[in-house]
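Participant: Numbering (this note's numbering), first residue to last: 7 to 502. A virtual CB, placed ideally from N, CA and C, is assigned to each residue, including glycine.
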Ligand code: AMP
Ligand code: ZN
């Protein structure tokens, strides 16, 4: 079965066919860096990182670009509050975001462009739109002329006339210089104290929607890209406005597939900074191994709203724990196996013949229930996993396939099993978990030595009154899921 995605543009599930066979050009809108990211922001990161991993597993060479928006009112306000430059704020939170991403096992993008590094190209795009009659300048603010774009609204499938009248009622100061309420800002003039760049329209900075148009195509080296993704709140106006600019400028389609994740809610309300009901990834990391968060995020299909709660995190922790326990048991079986080589019975469970060749693999359908069934063959679970992932990244069913494999492992690998058999089953669990970015082989022994060494280093730093280093080590351990307790008998550690 081919890989299929739900495409917001066509409102349908479509088979994925990249522009160039074997290659994927993918862009994901990244966060605005003025604060620690919250777990709502983590949802697109985890979901699209998993999409990337799965496409890589399927043999695609994925060029994955995700930006940091490092010029924005929120960054400027934070800088003013702290009395530092915007750059200090954005650099700080880029570094913190990268730490959180690593702790969630989100792979670094092929390129992480910064908006502030791409201003000349943004100016060129706006100039091009102006030359083609799609943009106009009013006193240093440049607007996009939406009425001239006959395709405007094609992504969000909105009724533009209704939107226009809605906007008209809400007219705010400054808006009346626009020709149309749906016109949006491409370039805004500088206010005192704000970062600015020189431009044909005076000192100022680009609008947010222009940034992604430039960064995506520049680093994917293509006018048209395969996949553009982000949270569903970005469909309108952000992605609609990106399409308008790129397509009016180039006359070509911007992206073939538009993927959007649904929200992460808390108490059935969208988690967001403006509502103040958010939890940062850092806060969750103090209480849980962030692999638990990753497991939780993938336990629902990405287009379904996911509600965050303590109970669902505990359930995710228990589920991940079951996989880890199975892997630990398999490690144990391998260490204590009495025989090395596969027996014939084991071979048949792995679906290989005596010469190590794969025997043919069939999935039969139970005529009564319609269920897919297969005799005792481990390959069933990978098949189930791939079916789920090909079906618009159904990670919930992919996790279920891993559980079926874990159940199989717990039954078929026994004290009598050969080392090769236990290893093959373990490799299969590891391989499927790795596609979801889940780390399940927690080598207790190695970890203990590592932790003890870090604690000793922290003690030495404290003795030398290097408290910054001591704190840094404690944070590093926290990221690994280890909590330190200073007791009268010295430092004790425990797992979160
Ligand atoms: P922002 O920094 O607000 O531009 O958000 C960065 C990314 O996180 C965007 O793709 C948003 O759509 C996404 N996002 C923000 N809040 C949530 C949420 N509660 N659930 C899912 N995605 C979110
Ligand atoms: Zn964007």
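May I ask which residues mark the beginning and end of the beta strand (DSSP E) holding residue 386?
Facilitator: Segment 385–396 is the alpha helix (DSSP H) holding residue 386; no beta strand (DSSP E) there.
Participant: Quick one: is the Cβ of residue 254 within less than 6 Å of any heavy atom of the ligand GDP?
Facilitator: Absent from the structure shown: the ligand GDP. Ligands present: the ligand AMP and the ligand ZN.
Participant: For a quick check, are the C-beta atoms of residue 59 and residue 362 less than 7 Å apart?
Facilitator: no
Participant: Taking a cut-off of 6 Å, which residues have a beta-carbon closer than that to any heavy atom of the ligand AMP, in chain order?
Facilitator: 35, 37, 38, 46, 47, 49, 50, 236, 237, 239, 240, 267, 269, 270, 276, 277, 278
Participant: With 16 other CB atoms within 10 Å as the buried threshold, where does residue 423 fall?
Facilitator: buried
Participant: Could you check whether the Cβ of residue 219 sits closer than 6 Å to any heavy atom belonging to the ligand ZN?
Facilitator: no
Participant: Using three-state DSSP, classify residue 172 as helix, strand or coil.
Facilitator: helix
Participant: Between which two residues does the beta strand (DSSP E) holding residue 309 run?
Facilitator: From DSSP, residue 309 is part of no beta strand (DSSP E); its letter is neither H nor E.
Participant: Residues in the same chain with beta-carbon distance under 7 Å from residue 254, minus the five sequence neighbours each way, listed in chain order, please.
Facilitator: So the list reads 135, 138, 140, 155, once near-sequence residues are dropped.
Participant: Taking just the CA atoms, how far does residue 316 sit from residue 395?
Facilitator: 27 Å
Participant: Give me the Cβ distance between residue 213 and residue 197, rounded to the nearest whole Å; I'm assuming they're in contact under 8 Å.
Facilitator: At roughly 14 Å, the Cβ-Cβ gap does not stay under 8 Å, so residue 213 and residue 197 are not in contact.
Participant: Along the chain, where does the beta strand (DSSP E) that runs through residue 234 open and close?
Facilitator: Following the DSSP letters along the chain, one finds residue 234 inside the beta strand (DSSP E) bounded by residues 231–237.
Participant: Looking at the unbroken beta strand (DSSP E) that takes in residue 471, where does it start and where does it end?
Facilitator: Unbroken run through residue 471: none, as it is neither H nor E.
Participant: Are residue 222 and residue 70 closer than 7 Å when you measure CB to CB?
Facilitator: no
Participant: Quick one, which of 262, 98, 392 has its alpha-carbon nearest residue 8's?
Facilitator: Closest by alpha carbon: 392.
Participant: Going straight from the alpha carbon of residue 191 to that of residue 372, what length do you get?
Facilitator: 59 Å
Participant: Going by DSSP, what residue range makes up the beta strand (DSSP E) through residue 19?
Facilitator: 18–21
Participant: Within this structure, are the beta carbons of residue 215 and residue 247 separated by less than 7 Å?
Facilitator: At the C-beta level, residue 215 and residue 247 come within 7 Å of one another.
Participant: Tell me, which residues are paired with residue 266 by DSSP?
Facilitator: 236
Participant: Give every residue of the same chain whose Cβ lies closer than 8 Å to the Cβ of residue 460, excluding the five residues on either side of it in the sequence, and list them in chain order.
Facilitator: So the list reads 479, 482, 483, once near-sequence residues are dropped.
Participant: Using beta-carbon positions only, say whether residue 426 and residue 348 come within less than 7 Å of one another.
Facilitator: yes
Participant: Count the other C-beta atoms from every protein chain shown that fall within 10 angstroms of the C-beta of residue 273, then say buried if there are 16 or more, exposed otherwise.
Facilitator: exposed
Participant: Report the CB separation of residue 107 from residue 51 in whole angstroms; it is logged as a contact under 8 Å.
Facilitator: Cβ atoms of residue 107 and residue 51 come within 8 Å of each other, at about 6 Å.
Participant: Does DSSP classify residue 347 as helix, strand or coil?
Facilitator: coil
Participant: DSSP three-state call for residue 225: helix, strand or coil?
Facilitator: helix
Participant: Applying the criterion that 16 or more other CB atoms from any shown protein chain within 10 Å of the CB defines a buried residue, is residue 123 buried or exposed?
Facilitator: exposed
Participant: DSSP beta-bridge partners for residue 120?
Facilitator: 74.
Participant: Quick check on the burial criterion: 16 or more other C-beta atoms within 10 angstroms. Buried or exposed for residue 344?
Facilitator: In this structure residue 344 is exposed. Its beta-carbon is surrounded by fewer than 16 other beta-carbon atoms within 10 angstroms.
Participant: Using a Cβ-Cβ distance cut-off of 7 Å, determine whether residue 17 contacts chain D.
Facilitator: Checking the listed chains, one finds no chain D in this structure; it contains a single protein chain.
Participant: Tell me the rounded alpha-carbon separation between residue 487 and residue 290.
Facilitator: 11 Å
Participant: If you drop the 5 nearest sequence neighbours on each side, which residues of the same chain put their C-beta closer than 6 Å to that of residue 446?
Facilitator: 329, 330, 333, 439
Participant: Check residue 127 in the structure and name its three-state DSSP category.
Facilitator: helix
Participant: Relative to the alpha-carbon of residue 225, which residue among 417, 271, 49, 118 has its alpha-carbon at the smallest distance?
Facilitator: 118
Participant: Under a three-way DSSP split, which group does residue 155 fall into?
Facilitator: Under the three-state reduction of DSSP, residue 155 is assigned to coil, being neither helix nor strand.
Participant: Whole-angstrom Cβ separation of residue 173 and residue 188, contact assumed at under 8 Å?
Facilitator: 7 Å
Participant: Check for me: the beta strand (DSSP E) holding residue 363 runs from which residue to which?
Facilitator: Note, residue 363: premise wrong, no beta strand (DSSP E); not H, not E.
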